[in-house]
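For the sequence shown, counting from 1, position 45 maps to 107 in our numbering; every step adds exactly one.
First comes the structure, then the notes that go with it.
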Amino acid sequence: MTAEELYVQGNQFRRQGKWAEAINCYTEAVELNPESEAAEAKRMLEDILNFYHKDMYNP
Numbered sequence: 063m064t065a066e067e068l069y070v071q072g073n074q075f076r077r078q079g080k081w082a083e084a085i086n087c088y089t090e091a092v093e094l095n096p097e098s099e100a101a102e103a104k105r106m107l108e109d110i111l112n113f114y115h116k117d118m119y120n121p
């Protein structure tokens with residue numbers, strides 16, 4: 063998959079509330095292309111989870 067496809071798939075998982083799957087997709091996208099939009103999406107999702115769901119997310 064391309065970084066763009068992984069970013070789109072991550073967004074779909076995020077909308078479904080599948081946080082871990084979304085972060086995994088964003089991480090893979092960033093590994094393929096560090097300039098991908100997934101880098102910002104991953105950072106924002108991590109910030110949200112760290113703030114609201116500390117017990118669900120442990121980096």
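Ideal Cβ placement from N, Cα and C applies to all residues, glycine included.
Neighbourhood of T89 by C-beta, 7 Å cutoff - its chain only, sequence neighbours within 5 removed: Locating residue 89 in the sequence shown gives position 27, where the first residue counts as 1. Once the five neighbours on either side are set aside, the close Cβ partners of T89 are K104.
Check whether F75 and A84 have beta carbons under 8 Å apart: Stepping through the sequence shown from its first residue, residue 75 is reached at position 13. Stepping through the sequence shown from its first residue, residue 84 is reached at position 22. For F75 and A84, yes; Cβs fall inside 8 Å.
Spatial distance of Y100 from L111 (CA atoms): Mapped onto the sequence shown, residue 100 falls at position 38. Mapped onto the sequence shown, residue 111 falls at position 49. Reading off the sequence shown, one finds Ala at residue 100, where the question assumed Tyr. Going by the C-alpha atoms only, they are around 16 Å apart.
Helix, strand or coil at A99 [DSSP, three-state]: The residue labelled residue 99 in the question sits at position 37 within the sequence shown. As written in the sequence, residue 99 is Glu, which differs from the Ala given in the question. DSSP places E99 in coil when its eight states are reduced to three.
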